[in-house]
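S.K.:
Residue numbers (the working numbering): 2 to 60.
1) Which runs of the beta strand (DSSP E), 3 residues or longer, sit entirely within the segment 24-56?
2) Taking the straight line between their C-alpha atoms, what separation do you get for residue 31 and residue 23?
3) Of all Cβ atoms in chain B, is any one closer than 7 Å to the Cβ of residue 11?
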């Protein structure tokens, strides 16, 4: 009986360590920053297209 909770704790600890390792890899590779920057560029591009279309069709 005492072995099962101990095994669950080590498994949870292993998953936690793997999770932190994955998050550390993403942060160190600047993946979040790259994603956010590309998202901002995409949003600006879409806004530019919409504004250009509004100006074009307004005339």
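Don't be surprised by glycine CBs; every beta carbon is placed ideally from N, CA and C.
Small disclaimer: the values here were computed from a predicted structure and weren't measured.
M.R.: Let me lay it out:
1) Runs found: none.
2) Whole-angstrom Cα-Cα distance: 13 Å.
3) No chain B appears in this structure, which consists of one protein chain only.
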